[in-house]
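Protein chains in written order, with the numbering used here: chain G, 2 to 356; chain L, 15 to 275.
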Amino acid sequence: MALVEATRGSPASAKSEDWSLTGIFQAHPVLWLLAVFLLVLPAFASNFVLIEIFGWAMILGMIALSLMFLAGYGGMVSLVQMTVAGCAGYMVAIFGTTVMTDISLGWPWWVGVPLAIVIAVIFGTLSGVLSVRTEGIYTIMITLAIASAFYYFTLQNYTIFNGFSGFNAVRTPIAFGVDWRSAVPFYYLILFWAVLAYLVVVYVSRSPFGLALQGIRDNARRMAALGFNVTAHRIAAYAFAALIAAVAGVLLVWHGGQISPGTAGVGPVIDILIIAVAGGLSRPIGAFIGAIIYVMLRTFALDALVAVGLDGKRFQLLIGLGFLLIVLFSPDGILGLWARWRARMQRPNTHGGRA
Amino acid sequence: MAVSVAERLSAVGTANALELRGVTRLFGALAALTDITLTVRPGERRAVLGSNGAGKTTLFNCITGDFPSTSGTIRFFGEDVTHFPPHERIRRGLRRTYQISALFTGLPVIDNVYLACRGVSRGRYSLLRPRRNDALMHAAENLVQAVHLTGVKEQLVAELSHGQQRQLEIALALAGAPRFILFDEPAAGLSPTERIELIEILTSLPPHIGYIVIEHDMDVALRVVESVTMMHNGRIFKEGRPEEIESDPEVQELYLGGGHG
């Protein structure tokens, strides 16, 4: 906000800094520290930490981010985002190279991956077409129905989706002379797309498209009375969110090296909702905060329970309790807790900036 | 009013601004509007009066398409808009305000007005943030100034006072190039000073912009219009000039006098 302060003298120009590209780079210092940390992480972290903790968290974070975009800005709680990612993952497996040679087409990645993303975006957009005329609980029900339908379809279809076992040994491509399967390049690949997705969402949130989406969230009827086609705008939001989820889905299938109906089963679909809500739906960073907490709990809850002499099999209980506590104490997840803590610290010298 | 009626009317085209023919709106078995036939010339400024439940707001909802009419036709500057969705009518120059402020409480004042400007121009789906000298941002700034909200333009709408929210409500309706505006009780809950400001805003609108105003405060209503339509039980009950309506014995009995009796 420094630039805004500097130009405050002339009201005609004071407003514009906030609207331009520079707004993105006026990030909170914590975000800059986080960026540096993530960039230098491969220098000292093991491959396990790189890929199974941070890599996985960033992929799940991107999918949760696509939900955050729809729910936080658009007021549409879509449970179909994990399914969109799963759809992209399946398409990568079908177009690319796997052990299922009689199904997989073995096309080069630069054909298969863009095509997979296009198909997943179409799938996500069509899900939007079906659900945007509903509100609240009905949106959740319809998108959950689509997600379940996709799950059962992939489970029972053997000609395209290879049923229960899905696709194993999905090969991450070697491109531009880099083997993207090895840990450090793959980590940076995920980091690149996760950061890009984050920045794009932050940027778009203040664009006409993003502002209008927030207007629709606050009062859809008034938006129509201002000349906006609310239905079309909501569908476009689904398409935009699907693009983020689809890119994440490509990374997801490369991350696991396999994809099966369970990848986008009802469990993972709900997990994405939990991640987004626990992290906080009010700002894009919440999706990634929720994802890292989720991955940490998934990875270490079992060991933590055994360490204190409890049955390790109860680790799901610990995860559930953790998220229950977060949501119980703060409706806006971790972000809400953070905002409240900061408000308490800053109360004596409050600035007039936006929350 | 500074500009004469005749001057105002000559500034616009020949087709009627609004032409309603036999507009009826049913809610189940209840007829909220029955056979409304109404003609408003371009630039004309009219008040719609009537007790609660007379169908005034329903009339607005049918004109904008918030609720489609059950039967009848609605023409806007000669064009049949009966089956148009609301946003198509708005893009043709129709505007409205709401009786209960319908604002975007999670966004700052300036963004509310910016959205209103964007809604009636191209680039609604633009993914690019407005540039430094964006024309619509300037338009939004000017509108914010016109309704005296410059001091709070960066504040979230949820933090505004009632009076400020009412002023913002009007600013949203003035965005773009309005040709005809429907004001639904713009003075509701305003202080006497704010009412004077409101009258100023309404009377200083460019002459080609006509409007219909629903208003219970006769002091406000009759000072900003040149014609009056009285509604009762979903029907048009009487039409005339403000002074005719004010002195009409039937009207006085029904509405102005012991209306609540």
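All C-beta atoms in this analysis are idealised placements derived from N, C-alpha and C, irrespective of residue type, glycine included.
Query: Would you say Q157 (chain G) faces chain L, with C-beta separation under 7 Å as the test?; Result: no
Query: Who are the neighbours of A308 (chain G) on chain L, taking C-beta pairs under 7 Å?; Result: Within chain L, no residue comes near A308 (chain G); the closest Cβ sits about 44 Å away, beyond 7 Å.
Query: Taking 7 Å as the CB-CB limit, is L32 (chain L) close to chain G?; Result: no
Query: Would you list the one or two residues that DSSP bridges to L32 (chain L)?; Result: L:V54, L:F90
Query: Using only the alpha-carbon positions, how far apart do V81 (chain G) and R103 (chain L) sit?; Result: 34 Å
Query: Going by DSSP, what residue range makes up the alpha helix (DSSP H) through Y139 (chain G)?; Result: 138 to 157
Query: If L227 (chain G) sits next to L216 (chain L), beta carbons under 8 Å apart, how far is it from one beta carbon to the other, in whole angstroms?; Result: Incorrect: roughly 20 Å between the Cβ atoms, too far for contact.
Query: Residue range of the alpha helix (DSSP H) that S67 (chain G) falls in?; Result: 57 to 69
Query: Could you say if the stretch 121 to 128 of chain G and the stretch 235 to 248 of chain G meet the contact criterion of at least three C-beta pairs nearer than 8 Å?; Result: yes
Query: Which residues does DSSP pair with E253 (chain L) in a beta bridge?; Result: L:T243
Query: Contact check, P192 (chain L) vs I223 (chain L) under 8 Å by CB: the rounded distance?; Result: 6 Å
Query: Can you list, in chain order, the residues of its chain whose CB lies under 7 Å from that of I320 (chain G), leaving out five sequence neighbours each side?; Result: L298, R299, A302
Query: DSSP three-state label for E260 (chain L), please.; Result: helix
Query: For G357 (chain G), which residues in chain L fall below 9 Å Cβ to Cβ?; Result: No statement about residue 357 (chain G) is possible, as the shown extent of chain G runs from 2 to 356 and does not include it.
Query: Would a C-beta distance cut-off of 7 Å place I236 (chain G) and V328 (chain G) closer than the cut-off?; Result: no
Query: Pick out whichever of G:L192, G:L282, G:G75 has its Cα sitting closest to the Cα of T135 (chain G).; Result: G:G75
Query: Taking the runs of the beta strand (DSSP E) that are 3 residues or longer, which of them lie wholly in the stretch 59 to 115 of chain L?; Result: 59 to 63, 85 to 90, 108 to 110
Query: So if I threshold CB-CB distances at 8 Å, which residues from the stretch 215 to 239 of chain G count as touching chain L?; Result: Q215, G216, R218, D219, N220, R222, R223, M224, A225, A226, L227, G228, F229, N230, V231, H234, A237
Query: Starting from F194 (chain L), trace the alpha helix (DSSP H) in both directions and tell me its first and last residue.; Result: Per DSSP, F194 (chain L) belongs to no alpha helix (DSSP H); it is in the beta strand (DSSP E), 194 to 198.
Query: Give me the DSSP bridge partner(s) of L40 (chain L).; Result: L:A45
Query: Of all the options L:G36, L:G190, L:A68, which has the alpha carbon lying nearest to the alpha carbon of A46 (chain L)?; Result: L:A68
Query: Three or more C-beta pairs closer than 8 Å, one from the stretch 59 to 70 of chain G and one from the stretch 283 to 294 of chain G: is that the case here?; Result: yes
Query: What are the partner residues of V227 (chain L), as DSSP defines its beta bridges?; Result: L:A61, L:F197
Query: Quick check: is the beta carbon of A15 (chain G) nearer than 7 Å to any beta carbon in chain L?; Result: Legend: pLDDT at A15 (chain G) = 34, less than 50; position of this residue unreliable, value from coordinates given subsequently. With 7 Å as the cut-off, A15 (chain G) does not count as an interface residue toward chain L.
Query: Taking buried to mean at least 16 other C-beta atoms within 10 Å of its own C-beta, is A153 (chain L) buried or exposed?; Result: buried
Query: Note down, in chain order, all residues in the stretch 188 to 205 of chain G with a beta-carbon under 7 Å from any beta-carbon belonging to chain L.; Result: Y204, V205
Query: If you draw a straight line from the alpha carbon of N126 (chain L) to that of L117 (chain L), how long is it in whole angstroms?; Result: 7 Å
Query: For P209 (chain G), go through chain L and note every residue whose CB falls closer than 9 Å to its CB, in chain order.; Result: Y128, L129, R132, G137, R138, Y139, S140, L141, L142, R143, P144, L150
Query: I'd like the list of long-range same chain contacts for L52 (chain L), defined as Cβ closer than 6 Å, with 5 residues on each side in sequence excluded.; Result: L34
Query: Within 7 Å of any Cβ in chain G, is that where the Cβ of L73 (chain L) sits?; Result: no
Query: Looking only at C-alpha atoms, which of G:S128, G:M92, G:S105 sits nearest to P115 (chain G)?; Result: G:M92
Query: For chain G, find out if any of its Cβ atoms is closer than 7 Å to the Cβ of T38 (chain L); answer yes or no.; Result: no
Query: Give every residue of the same chain whose Cβ lies closer than 6 Å to the Cβ of S85 (chain L), excluding the five residues on either side of it in the sequence, and list them in chain order.; Result: T38
Query: Measuring straight from C-alpha to C-alpha, what distance separates P263 (chain L) and A202 (chain L)?; Result: 26 Å
Query: Strictly under 7 Å for the Cβ-Cβ distance: is L196 (chain L) near chain G by that measure?; Result: no
Query: Spatial neighbours of I141 (chain G) within its chain, please: CB distance less than 7 Å, with the 5 preceding and 5 following residues excluded, ordered by chain position.; Result: V78, L80
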